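A quick write-up on the structure given underneath.
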Amino acid sequence: DAGVIQSPRHEVTEMGQEVTLRCKPISGHNSLFWYRQTMMRGLELLIYFNNNVPIDDSGMPEDRFSAKMPNASFSTLKIQPSEPRDSAVYFCASSLAGAGKAFFGQGTRLTVV
Amino acid sequence: GDSVTQMEGPVTLSEEAFLTINCTYTATGYPSLFWYVQYPGEGLQLLLKATKADDKGSNKGFEATYRKETTSFHLEKGSVQVSDSAVYFCALSQTGANSKLTFGKGITLSVRP
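If you read the protein sequences in the order shown, they are chains A and B. Read in order, the letters of the first sequence are residues 1 to 113 in the working numbering. Read in order, the letters of the second sequence are residues 1001 to 1113 in the working numbering.
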């Protein structure tokens, strides 16, 4: 299996632009997580899905952030409009529900200038 | 809610030194406990885990024992190598279909030749 695949690996965008991050979980996994990592705040859980349904989005910082999972093999995290403080590495992870351990993608490094 | 507390970092050691990274947790019931490692430029990957009290997880020379009485899961390695330089995260997960991983802030380990 190729593991969790995220795209793009790097994104540089101007403030105010829309940004879409993509994730393909491991086939057969039914839980998907979006995390944000910064030096100041460490690793933060933004939202997670079970069987394509959002379970907890309390970590989504603002209405500018939205996430979707239209099917079991694809999820997006969108920021609109983007701001410089959104600059971070965004990770997607997947797991079997209830299994505990998760498998992480390599992350998307977002820079908003 | 559940939480994980890791010792403050960063930690710098010489090659072949003994390593201890402290981790304590606050949680209801009997969560599973994990150590994840993040190498530079990569996503997190599972290092080891323990699912019940007194279990010892081990991998690549690292060990951690699930101590219910002290709510701890300290990571140890008898002789570190330069290749162990990375960020280490302690985490817990409750059982159940909608479980999620709760991470500590992570600690950076640098090993000098």
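No residue lacks a Cβ here, since even glycine has one placed at the ideal position from N, Cα and C. Remember, it's a predicted structure, so these values are computed and weren't measured experimentally.
- For Phe33(A), a Cβ of chain B is located within less than 8 angstroms of the residue's own Cβ.
- Asn71(A) and Gln1081(B) have their C-alpha atoms roughly 43 angstroms apart.
- Within chain B, not a single residue places a beta-carbon under 9 angstroms from that of Gly16(A); the smallest gap is close to 28 angstroms.
- Listed along chain A are Ser31, Tyr48, Asn50, Ile55, Asp56, Ala97, Gly98, each with a C-beta nearer than 9 angstroms to that of Asn1098(B).
- A Cβ-Cβ separation of about 11 angstroms leaves Cys92(A) out of contact with Phe49(A) under the 8 angstroms criterion.
- Taking Ser1003(B) as the centre and dropping the five residues before and after it, the same chain places the C-beta of Tyr1025, Thr1026, Ala1027, Thr1102 closer than 8 angstroms to its C-beta, in chain order.
- Within the same chain, Cβ atoms closer than 7 angstroms to the Cβ of Met69(A) are found at Leu32, Phe49, Asn52, Ser75, the five residues on either side in sequence being excluded.
- Contact between Gly1096(B) and Leu43(A) does not hold, since the beta-carbon distance rounds to 21 angstroms and is not under 8 angstroms.
- Apart from sequence neighbours up to five positions away, the residues of its chain that approach Val89(A) with a beta-carbon distance below 6 angstroms are Gln37, Gly107, Arg109, ordered along the chain.
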